[in-house]
Structures are given as C-alpha cells and as structure tokens.
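Input: a single structure, listed below in structure tokens.
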Amino acid sequence: MSTALSGGICALHLGTFTAYLPLVFMALIGITIGGAVLALSKFLGPRRPDETKSLPYECGMEPIQQGARERYSIHFYLVAILFILFDLETVFLFPWAASFRQPGIDATVKLVLLVEVLLFVGVLGVGLYYVWKRKGLEWD
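Straight run, no breaks: the sequence shown in our numbering ends on number 162.
The following block contains the structure:
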C-alpha cells in the first residue's frame, strides 16, 4: 500500500514538472540565444575606443563637460523613491478594487477589505505627512 501511495505522489510531481517543461525549454533557448549574441558581438565586434566615443551624447551639441559623472542633489533621489512608493500603492489598490467589486462576497468580508485598505492608505498617508513636515519635497 505504501508503494502505491508513494508512486501516486511521484506521478503527481512528475505530471506537474512535465507541465512546466515547455516553459523551461523556452527559457533555456532564450538564454542561450541571448548569450550567444552577446558573446559574438564581444569577440567579433569592432573595438576602436577613442576620446570622442567615450563622451556623453548630448543631442548633437558639443558636450559641455568632459565626463558624465555629475553629482545630483539628494532631492532627486528622494522624489524618485517617493514616486516609486506611491506608484506601488496604486498597483496594490487595483487587485483590492477588483476583489471588492466581486459579486457574492459577504458584507463582513467587504468590511474587512475596506478596513484593510484604509489602514494601508493611512500608513502611506502618515509617511507622506512626515515627509511633508520635514520639508522633503521643497527645493532650495
């Protein structure tokens, strides 16, 4: 009896693996082709570095500096992080809205979903309030 049970479990795992086999093959083919193209371009491509090629491209104009290593203000990074934070908030709100509007959901479940999203938005609101009070969004 234990042999039949273990054989059934192995067959179940083998069936699950074979379902993903085409995906694994396509990923391997894609990685192989991508690696081959990169290797061929590295070995067969022309290599003639000079000072002009290492300068930053500025839309056909003469470059205003010799390197692209300019320091940026920390405000740019803060705004970028805040954008990502609130952009992800909207991404998390879409599945919530879809599940909230499903027919057949009990009223208590909808109330729990509403409380969860209010807590989520509230925590993000507290973070925004903190940044606002610390004047993190103001430019000097």
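Quick reminder that beta carbons are idealized off the backbone N, C-alpha and C, glycines included. No experiment lies behind these values; they were computed from the predicted model shown.
Task: Meets three-Cβ-pair contact criterion under 8 angstroms: the region 108 to 121 and the region 55 to 68 - done: no
Open item on the list: Please determine whether the Cβ atom of Thr-74 lies at a distance below 7 angstroms from any heavy atom of the ligand PLP.
Closed with: In the structure on display, the ligand PLP does not appear, and there are no ligands present to speak of.
TODO: Work out the CA separation of Val-113 and Gly-135 for me, nearest whole Å.
DONE: The sequence position of residue 135 within the sequence shown is 113, counting from 1. The sequence position of residue 113 within the sequence shown is 91, counting from 1. Sequence inspection shows Leu at residue 135; the Gly mentioned does not correspond to that position. Put simply, the backbone Cα of Leu-135 is about 16 angstroms away from that of Val-113.
TODO: Using 10 angstroms around the beta-carbon of Ser-24, count the other beta-carbons present and answer buried if the total reaches 16, otherwise exposed.
DONE: Within the sequence shown, numbered from 1, the residue matching residue 24 stands at position 2. Confidence at Ser-24 is low in this model, with a pLDDT of 48, below 50, so its placement is unreliable and the value that follows should be read with caution. The residue is exposed, with fewer than 16 neighbouring Cβ atoms inside 10 Å.
- [ ] Under 8 angstroms Cβ to Cβ from Leu-110, same chain only, skipping five residues before and after it: list those, please.
- [x] As a first step, residue 110 is located in the sequence shown; it is residue number 88 there, counting from the start. Result list for Leu-110: empty, nothing under 8 angstroms.
Task: Range of the contiguous alpha helix (DSSP H) that encloses Gly-149 - done: Translated into the one-based positions of the sequence shown, residue 149 becomes position 127. 129 to 155 is the extent of the alpha helix (DSSP H) around Gly-149.
Open item on the list: Using the three-state DSSP reduction, which class does Thr-40 fall into: helix, strand or coil?
Closed with: Position 18 of the sequence shown holds residue 40. Thr-40: helix per DSSP, three-state reduction.
Open item on the list: My output table needs one value for Tyr-109: the three-state DSSP class, helix, strand or coil.
Closed with: Here residue 109 corresponds to residue number 87 of the sequence shown, with the count starting at 1. At residue 109 the sequence reads Asp, which differs from the Tyr that was named. Reduced to three states, the DSSP call for Asp-109 is helix.
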